[in-house]
Amino acid sequence: MEFFRNANIDFLGKKWYFLAFSLVFSVAGVFSMAFWHGIPYGVDFRGGTLVYVKFAQTPDNNVIRASMDRAGLRNARIQSYGSAGSNEVLIDVSEQETNEQALDRGKTQIINALETNAPSGKQDLNNSSFLTVKTFLLQKDPLRLGTDADQRYTAQAQAIVNYRDKVKSGVLQSMDELKTAVDPAVVASLSDGFFLSNFGVRNVEIVGPQVGSQLRRQALLATAYSLAGMLVYLAFRFEWIYGVAAVITVFHDTLITVGAFSLLNKEISLTVIAAILTLIGYSNNDTIVVFDRIRENLKLMRREKLSDIVNRSINQTLSRTILTAGLTFLTVLALYLFGGEVLKGFSLALVIGILIGTYSSIAIAAPILVAYQDWRAERGKPVALAAAARDANRREKVKAKV
Amino acid sequence: MNKNLGWKLIVIAGTLLFFLFGIIGIPEKWSGSGLVAGLQNRIHLGLDLKGGTHLILQVQVNDAVNVDSDNAVERLKTDLRARKIFADITKPDPVNNPDKVVLKGVPPESSSDLRSLVSDRLPEYDLTSGADNTWTVSMKAQALADLKNRAVTQAIETIRNRIDQLGVSEPIIEEHGLGQYQILVQLPGVDDPGRVKEIMQSTAMLQIRQSFGGPYPSEQAALQDKGGVLPPDQMLLPGRSIGPNAGEGGQTWYLISRASAVTGRDLRAADQTRDENGQPAVSFTLTGEGGRRFASFTGSHVGDNLAVVLDNKVQEVAVIKDQIHDQGVINGRFTEQETKDLSMILRSGALPAGIKYLEERTVGPSLGSDSIRAGVTAAVIGMLAVLIFMLVYYHAAGINADIALILNLIILLGFLGYSGATLTLPGIAGVILTVGMGVDSNVLIFERIREELRNGKTPPSAVEQGFGHAWITIVDTHVTTIVSAIILFIFGTGPVRGFAVTLSFGLFANLFTAVFVSRVIFDWLLSRKLRGEALSIG
Numbered sequence: 001m002e003f004f005r006n007a008n009i010d011f012l013g014k015k016w017y018f019l020a021f022s023l024v025f026s027v028a029g030v031f032s033m034a035f036w037h038g039i040p041y042g043v044d045f046r047g048g049t050l051v052y053v054k055f056a057q058t059p060d061n062n063v064i065r066a067s068m069d070r071a072g073l074r075n076a077r078i079q080s081y082g083s084a085g086s087n088e089v090l091i092d093v094s095e096q097e098t099n100e101q102a103l104d105r106g107k108t109q110i111i112n113a114l115e116t117n118a119p120s121g122k123q124d125l126n127n128s129s130f131l132t133v134k135t136f137l138l139q140k141d142p143l144r145l146g147t148d149a150d151q152r153y154t155a156q157a158q159a160i161v162n163y164r165d166k167v168k169s170g171v172l173q174s175m176d177e178l179k180t181a182v183d184p185a186v187v188a189s190l191s192d193g194f195f196l197s198n199f200g201v202r203n204v205e206i207v208g209p210q211v212g213s214q215l216r217r218q219a220l221l222a223t224a225y226s227l228a229g230m231l232v233y234l235a236f237r238f239e240w241i242y243g244v245a246a247v248i249t250v251f252h253d254t255l256i257t258v259g260a261f262s263l264l265n266k267e268i269s270l271t272v273i274a275a276i277l278t279l280i281g282y283s284n285n286d287t288i289v290v291f292d293r294i295r296e297n298l299k300l301m302r303r304e305k306l307s308d309i310v311n312r313s314i315n316q317t318l319s320r321t322i323l324t325a326g327l328t329f330l331t332v333l334a335l336y337l338f339g340g341e342v343l344k345g346f347s348l349a350l351v352i353g354i355l356i357g358t359y360s361s362i363a364i365a366a367p368i369l370v371a372y373q374d375w376r377a378e379r380g381k382p383v384a385l386a387a388a389a390r391d392a393n394r395r396e397k398v399k400a401k402v
Numbered sequence: 001m002n003k004n005l006g007w008k009l010i011v012i013a014g015t016l017l018f019f020l021f022g023i024i025g026i027p028e029k030w031s032g033s034g035l036v037a038g039l040q041n042r043i044h045l046g047l048d049l050k051g052g053t054h055l056i057l058q059v060q061v062n063d064a065v066n067v068d069s070d071n072a073v074e075r076l077k078t079d080l081r082a083r084k085i086f087a088d089i090t091k092p093d094p095v096n097n098p099d100k101v102v103l104k105g106v107p108p109e110s111s112s113d114l115r116s117l118v119s120d121r122l123p124e125y126d127l128t129s130g131a132d133n134t135w136t137v138s139m140k141a142q143a144l145a146d147l148k149n150r151a152v153t154q155a156i157e158t159i160r161n162r163i164d165q166l167g168v169s170e171p172i173i174e175e176h177g178l179g180q181y182q183i184l185v186q187l188p189g190v191d192d193p194g195r196v197k198e199i200m201q202s203t204a205m206l207q208i209r210q211s212f213g214g215p216y217p218s219e220q221a222a223l224q225d226k227g228g229v230l231p232p233d234q235m236l237l238p239g240r241s242i243g244p245n246a247g248e249g250g251q252t253w254y255l256i257s258r259a260s261a262v263t264g265r266d267l268r269a270a271d272q273t274r275d276e277n278g279q280p281a282v283s284f285t286l287t288g289e290g291g292r293r294f295a296s297f298t299g300s301h302v303g304d305n306l307a308v309v310l311d312n313k314v315q316e317v318a319v320i321k322d323q324i325h326d327q328g329v330i331n332g333r334f335t336e337q338e339t340k341d342l343s344m345i346l347r348s349g350a351l352p353a354g355i356k357y358l359e360e361r362t363v364g365p366s367l368g369s370d371s372i373r374a375g376v377t378a379a380v381i382g383m384l385a386v387l388i389f390m391l392v393y394y395h396a397a398g399i400n401a402d403i404a405l406i407l408n409l410i411i412l413l414g415f416l417g418y419s420g421a422t423l424t425l426p427g428i429a430g431v432i433l434t435v436g437m438g439v440d441s442n443v444l445i446f447e448r449i450r451e452e453l454r455n456g457k458t459p460p461s462a463v464e465q466g467f468g469h470a471w472i473t474i475v476d477t478h479v480t481t482i483v484s485a486i487i488l489f490i491f492g493t494g495p496v497r498g499f500a501v502t503l504s505f506g507l508f509a510n511l512f513t514a515v516f517v518s519r520v521i522f523d524w525l526l527s528r529k530l531r532g533e534a535l536s537i538g
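Right under this line is the structure:
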């Protein structure tokens, strides 16, 4: 089985189509970033408080918003999170509420606002720490252990917390559910000190303004260093024009990916930046494979035009390019579909990035090389690429003969 | 072509076993659960997979500088008074320039005295003159930087002590590179950050100072009592408890000396105890040097009032009945838990400066286990998709690629086990990506082999050419991706670093499996074929 056996597509000829396609998406992305959704910074970069809550039953976002308003959190953003039926909600309180004088005030307010039916004197078992449960059991001593109590109750408390978290995803609906995990006497005693709210906090992210701006700077620096490193390595292994072509290609890929996030209004978090840096590496890989073939063919095909050599190189590597792109895309698609909510932004960036990265090696990097050399040849300047030099030489010889 | 084929196969088998051991160690039971237990022992899970709390705090180093300059002010006052030089000594800007002390009204004749005083008694400070007989004393730049860095190091030690006493397993407490005077604290398995933060944050700055007046119901009342102006060596501090003289809000105020007779640094031990009334209290013991100073202070102040100040709040005030040496008891309406926490905080040493929280992330264990499940599912599905595709597209050679891929995964996980690196959720994604990018090397080689076969080369020659040509490209692509990963590692935080680590390990492993292992398998296959028999490569 083989795709692309002896392919012979004139890629360079279609370069204006490619350019148009790239321009459309780049401009759309830039427009969205400038005028529409802007750059959707995640909490890592803009600061703020995010509380991820899982409810026992399907929550009504309006009810939640009303509780937040009552607690004075007027700008809280409530968003359903995760797959349908997971009953998860993300509560996002803006930067103003998150200042470093009392960093976790937003979180405390949110949790207090959600705990609407708390009987006084009792703690919420769905949001209690292991230590709280153990301390209560040690005090209550429902199994009448006396000595040796510490070890037994540590195990019981651990079992309770593990059952709640690993089996019930963090939310118990009734105390009886615990009977399968621990001694019934222990379960009975729990009701004396604990009640069950209808939610469990799964994840909290609080980023102060200082850290937010630090991380923004780090992300920018990392991207800049990546690009610089690429330029240097390629200039060293090939010639500097190859480096420039690769950098422009990668810049194009990043722009379209970030633009896509802006168009789709998906948040850019730290892991998304990691994905973008990875796709820079991937797109570079792709470009290098084509460049390697071009370099090899330049030595072999001594009598052909540069554009023919480049076309031939692309066609020869087409099989490999599409295959690798396809296989990597398969794995990243698996990640996007099955990898869970936390990695959604990351995997989306990779899905887009791999498609664009593959396309750009053929559609952007190669044409830049050729266009640059043609431009230099026309100006009569000394030419870097050997083939273009030969073309210019031959033209001189032909003129001289005549 | 049996050249060293036997040895090469042994090397591969050895590598396989070596890295398998890295993943599961020697499991206690050779069963499903035994293997999983072995796995859990060797592979460290990050916070986002295990659950826990991640904090970034900033040490308020100016607090520590203020303490030092306050002591400098006291020393200046005592010494100047001894030489009968009277000057007005203030700190004009304790918030932004905590090391700056200004002296006004120093008579010109005394300037040489002042200079020798500063160079003898305050060697870390510089003296500069200003207009109108004013002088400025400020810390030398190097001394200032040293003091601030020492404050951070000390803060890390103190926090580590406190967290150790809490019994958190494998905590990470280290200086955070991203900003100034920042500390990173990671506490796996801690699902209640509130209590931990309180314990960490308490500066537990214990000071025993002289009390000149109080309790006053408000700051104004205290000022009135002193005729509107506070004496320069005294300050107002709020009291902790509600007393009979409380004003609205229950806040009382005391007039306390600026200097301390004894501080937390002089503490040798602190314990939970009960006072004369059976109420929870904290007992403390001073060091030898501290005890001597305390004895001399109390000896010369019999009949005066002593205030125990904790974190700049007056804990209790007592009359000095007679000389106290090195033991004492602090009470002040504590609960049992408060005395336990307080004595633990005092034992761990005082924080040299206050801390402010800049970032807090708490991953619940329920999310952690869900993440593991999702990550592993995606990895298995992705891997299966690739394995099956390679078989279909490359036929028998696909088995070659699949073996290389599986070996790649084992080596990668083994690396993780041996190095003790942390596996995070992006790290699992990195494993998945390694599978996708790793197979690229095989594709490069196989496509080249196909091309050579099409051009009429014999199988052995095609294999040779295929590996030879593809090698350069493989090196190029791996190096550039590894450079990307290194940059991610340098600039990234915990989860992103996990990703960079698995990606790099995976690529290194790939260099070995795609080139060496695949080649050995091809050679072995070829050695068993007859001359002219075709190579099954799709």
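One line per chain: the protein sequences are A and B, in this order.
Numbering (this note's numbering) for the first sequence: 1 to 402.
Numbering (this note's numbering) for the second sequence: 1 to 538.
All C-beta atoms in this analysis are idealised placements derived from N, C-alpha and C, irrespective of residue type, glycine included.
Taken through DSSP and simplified to helix, strand or coil, A/Q109 comes out as helix. Against chain B, the beta carbon of A/S169 has neighbours under 9 Å at S366, L367, S369, D370, listed in chain order.
Cβ proximity to chain B below 8 Å picks out G200, V201, R202, N203, V204, E205, I206, V207, G208, Q210, V211, Q214, L215, Q218, A219, L221, A222 from the stretch 197 to 224 of chain A. Per DSSP, B/F284 is one residue of the beta strand (DSSP E) stretching across 280 to 286. With its beta carbon less than 9 Å from one in chain A, B/S484 belongs to the interface. The continuous beta strand (DSSP E) containing B/T273 extends over residues 267 to 274. Contacts between A/F130 and chain B, judged by CB atoms closer than 7 Å, involve D191 in chain order. Taken atom to atom, the span from the alpha-carbon of B/V363 to that of A/V167 is near 17 Å. For A/G339, at least one C-beta of chain B is nearer than 9 Å to its own C-beta. Taking a Cβ-Cβ cut-off of 9 Å, B/T128 has no neighbours in chain A, whose nearest Cβ is about 33 Å from it.
Against A/R320, the close residues of chain B are V443, L444, E447, in the order they occur along the chain (beta-carbon pairs closer than 7 Å). The beta-carbon of B/A396 is placed no less than 9 Å from the nearest beta-carbon of chain A. Per the coordinates, the alpha-carbon of B/D275 lies some 29 Å from the alpha-carbon of A/A149. With fewer than 16 other CB atoms across the displayed protein chains lying within 10 angstroms of its CB, A/R74 is exposed. Across the structure, A/L306 and A/I9 are spaced so that their CA atoms are roughly 16 Å apart. At a beta-carbon threshold of 9 Å, the residues of chain B lying near A/D165 are G51, D191, G364, P365, S366, L367, G368, S369, ordered along the chain.
At a beta-carbon threshold of 7 Å, the residues of chain A lying near B/V496 are L270, T271, A274, ordered along the chain. Taken in chain order, the complete alpha helix (DSSP H) segments of 4 or more residues contained in the stretch 5 to 52 of chain B are 5 to 24, 32 to 42, 47 to 50. In this structure, DSSP gives B/Q327 an extended state, which the three-state scheme calls strand.
A straight line joining the alpha-carbon of A/S128 with that of A/Y153 spans about 16 Å. According to DSSP, residue pairing for B/Y216 in a beta bridge involves B/W253. Between the C-alpha atoms of A/A102 and B/Y357 there is a straight-line separation of about 8 Å. In the DSSP assignment, B/M139 falls within the beta strand (DSSP E) that extends over 135 to 139.
Interface residue (Cβ-Cβ distance to chain B less than 9 Å): A/L73 is not classified as such.
The continuous alpha helix (DSSP H) containing A/V332 extends over residues 306 to 338. In the three-state reduction of the DSSP assignment, B/S484 falls in the helix class.
A/N112 is outside the set of residues whose beta carbon lies under 9 Å from a beta carbon in chain B. Going by C-alpha positions, B/F294 is about 23 Å away from B/N66.
Note on B/G278: under 16 other CB atoms within 10 angstroms of its CB, so exposed under the neighbour-count rule. Pairwise C-beta distances place the stretch 499 to 510 of chain B in contact with the stretch 420 to 430 of chain B, as three or more of them are shorter than 8 Å.
As DSSP reads the structure, A/F199 sits in a beta bridge with A/F55. With at least 16 other beta carbons inside 10 angstroms of its own, B/Y393 counts as buried. Residues of chain A whose Cβ lies closer than 8 Å to the Cβ of B/R162 do not exist; the shortest such Cβ separation is about 15 Å. Y225, S226, G229, M230, Y233, R237: these are the residues of the stretch 225 to 256 of chain A whose beta carbon lies less than 7 Å from some beta carbon of chain B, given in chain order.
B/Y254 and B/S211 do touch by the CB rule: their CB atoms are close to 6 Å apart, below 8 Å. The beta-carbon of A/E115 is placed no less than 9 Å from the nearest beta-carbon of chain B.
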